[in-house]
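Using the numbering used here, the first residue of the sequence shown is number 316, and each one after it goes up by one. Okay, so here's the structure we're looking at.
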Amino acid sequence: MFTVKLFDGRGRGFPGAVPRKLASGETPSASLRTCYSPLRVTAPDTNRLDGDRIAGVVGEVLDQTPVVDIHTHLFPPSFGACALSGVDALLTYHYLEAEFFRASPMTPEAYWQLQVSDRADAIWKTLFVERSPLSEATRGVVAVLDALGLDPGVRSLEETRAWFASQAHEEHVDRVMDLAGVRYVVMTNDPLDPDEMRLWTEGRVPGDRFRAALRLDRVVNEWDAHVEALRRRGFPVEPDAGGRSATSVRRFLEASIEKLDPLYMAVSLPDTFRYPAEDVRSRLLSEAVLPHCREAGIPLACMIGVRRQVNPRLRLAGDASGRADVKAVAALAERHPEIRFLVSMLSRENQHELCVYARKFANILPFGCWWFLNNPSIVTEITRERLEMLGTGFVPQHSDARILEQLIYKWRNTRRTLRPVLAETYGLLAADGGRVTRSMIERDVVRLSSGNFEDFVRSRGEAA
Ligand code: FIX
Ligand code: ZN
């Protein structure tokens, strides 16, 4: 007898799914067979792997194990213009715009005057035709085009554009997610974004492969600018977040949760973030957001260390990072032991300390190598550090994709980077006399790819 996790068909296995015992040789149900999770329905392979076979098996298991992408900015096709896809969107990704402004004499002001397709042409010519696409972001576009059977060496984008325009939306989404080995993605859903909320109110349904996350940046970080918007919607709040504000924000959160059914709430925080502090942000967190997390049993994702708009001329590409104070994370975890915190930090310098605090507080789950950290050299370093300090108790990566097809390259790169790191770690275990088996590697990779996240989010209301 051994335990498997059951999923109800395509990825919506959670939160209804419950682990149960399957007898060896028992035939799995149809829904079990069609799910994306690599279930062990045969006896586990307990044969000890020799050192020289470990890397091959790790590679196979990584390639065969679908991931849950726990933080993206993607939307399903039913969300219209919010759902970005295609070569123009790929090329005008803000990572590439930042590289373009360094390489081109064109000013940002002149660039923003252009149509999106003209911006894409300018970036293609500058970063792909006149220069070699060696950076992580440029190489990613090459990998996507190649994976979709398109020529990454063209001088003009006309045929590439035509190919994307001819794809049927829903099938294209499934194809891309299958190529990327992604079971489902978690979106970023801002309840104070009027355009997006109109779609939810109209009853647009995201479907099984897109789950919601309630993003609280406008509420928590841009309070002054949104006091009026909250009041207009029938939530009376005060500029200093006093009086009825906390009650109103909690009613607002409750209504948003009812509408979006999010897996977690999330907020990005600056490198200057302190908690507790004498400011409106801290007050909103302590009096509204955290009590609501506790009562609704919903985790809070804290993405810490962003310095917004150090160069506003670059718009979305104008954000940077800074080293934050991990004591704020410790204070959150210690004061709120019954709340679960998913934590990602943007500065490389904060990673080790975050691992130390995750060892002290089980209600901290470190996740991802966020944004400027999502490069093979840094992902290798951080993942090794996390394995050494936390075993398999973390979520190695999220894609942060904004354009659908980016899933292909971001997840390919993640698997490629994780492979030697995991293989080396199992190699050390084998060298120390440990028994390394395929079943063990499969169990661990499922945990890292989806299990840790789903367990963390599922533990609604349970004490940490
Ligand atoms: O705050 C965030 O969720 C960031 O990931 C983004 O805003 C950022 O622009 C990004 O796309 C990073 O990958
Ligand atoms: Zn993001």
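Even for Gly, the Cβ is constructed at its ideal location relative to N, Cα and C. From a predicted model like this one, the values you see are computed outputs, not experimental measurements.
Leaving out five residues before and five after residue i in sequence, what residues of the same chain have Cβ atoms less than 7 Å from its Cβ?
i, result
"residue 345", "Residue placement at residue 345 is flagged as unreliable, the pLDDT there being 34, under the threshold of 50; a coordinate-derived value is accordingly withheld."
"residue 377", "730, 733, 734, 760"
"residue 766", "none"
"residue 392", "398, 484, 485, 488"
"residue 772", "578, 579, 614"
"residue 714", "384, 387, 721, 722, 725, 726"
Restricting to Cα atoms, I'd like to know which of the options is closest to residue i.
i, options, result
"residue 402", "642, 564, 465", "465"
"residue 701", "744, 673, 602, 528", "673"
"residue 554", "570, 568, 569, 534", "534"
"residue 489", "722, 687, 662, 457", "722"
"residue 624", "613, 612, 615, 637", "637"
"residue 738", "368, 687, 361, 686", "368"
"residue 651", "601, 714, 750", "601"
"residue 697", "429, 767, 667", "667"
"residue 665", "639, 382, 486", "639"
"residue 462", "472, 492, 569, 450", "492"
"residue 479", "540, 452, 524, 404", "404"
"residue 359", "772, 768, 758", "758"
"residue 364", "769, 762, 768, 753", "753"
"residue 581", "745, 536, 570", "536"
"residue 446", "742, 418, 429", "418"
"residue 500", "381, 692, 736, 371", "381"
"residue 566", "494, 506, 774, 467", "506"
"residue 662", "646, 699, 619", "619"
"residue 574", "523, 516, 524", "516"
"residue 572", "611, 550, 588", "611"
"residue 710", "687, 570, 641, 660", "660"
"residue 587", "641, 550, 558", "641"
How should residue i be labelled, buried or exposed, when 16 other C-beta atoms within 10 angstroms of its C-beta is the threshold for buried?
i, result
"residue 689", "buried"
"residue 634", "buried"
"residue 481", "exposed"
"residue 484", "exposed"
"residue 725", "buried"
"residue 496", "buried"
"residue 720", "buried"
"residue 712", "buried"
"residue 621", "buried"
"residue 750", "exposed"
"residue 547", "exposed"
"residue 740", "buried"
"residue 764", "buried"
"residue 604", "buried"
"residue 504", "buried"
"residue 786", "Residue 786 lies beyond the residue range present for the chain, which begins at 316 and ends at 779; the question has no answer from this structure."
"residue 747", "exposed"
"residue 769", "buried"
"residue 728", "buried"
"residue 339", "Low local confidence applies: a pLDDT of 47 at residue 339 is under 50, so the model's placement there is unreliable, and no value is given."
"residue 539", "exposed"
"residue 708", "buried"
"residue 583", "buried"
"residue 458", "buried"
"residue 762", "buried"
"residue 350", "Interpretation of residue 350 is limited by its pLDDT of 37, a score under 50 that renders its predicted location unreliable; the figure taken from the coordinates is listed afterwards. So residue 350 counts as buried."
"residue 683", "buried"
"residue 452", "buried"
Apart from the five residues just before and just after residue i, which ones in its own chain have a Cβ nearer than 8 Å to its Cβ?
i, result
"residue 416", "423, 426, 629, 632"
"residue 705", "670, 673, 674, 681"
"residue 397", "390, 510, 511, 514"
"residue 454", "448, 724"
"residue 420", "none"
"residue 394", "511, 514, 519, 521"
"residue 469", "475"
"residue 407", "431, 434, 435, 438"
"residue 649", "676"
Could you name the residues of the same chain whose beta carbon sits closer than 6 Å to that of residue i, not counting the 5 residues immediately before and after it, in chain order?
i, result
"residue 552", "542, 545, 560, 563"
"residue 658", "617, 644, 679, 681"
"residue 608", "615, 654"
"residue 577", "527, 528, 529"
"residue 388", "503, 717"
"residue 568", "607"
"residue 467", "457, 460, 461"
"residue 598", "556"
8 Å is my cut-off, CB to CB: does residue i come that close to chain D?
i, result
"residue 592", "Any reference to chain D falls outside this structure, which holds one protein chain only."
### Query
With a cut-off of 8 Å, do at least 3 Cβ pairs link the segment 432-448 to the segment 405-415?
Output reads yes: the segment 405-415 touches the segment 432-448.
### Query
Listed in chain order, which residues are found with a beta carbon closer than 5 Å to a heavy atom of the ligand FIX?
So the residues near the ligand FIX by this Cβ test are 583, 686, 715.
### Task
Take every Cβ of the segment 368-383, pair it with every Cβ of the segment 582-600, and state whether three or more of those distances are shorter than 8 Å.
Touching, no.
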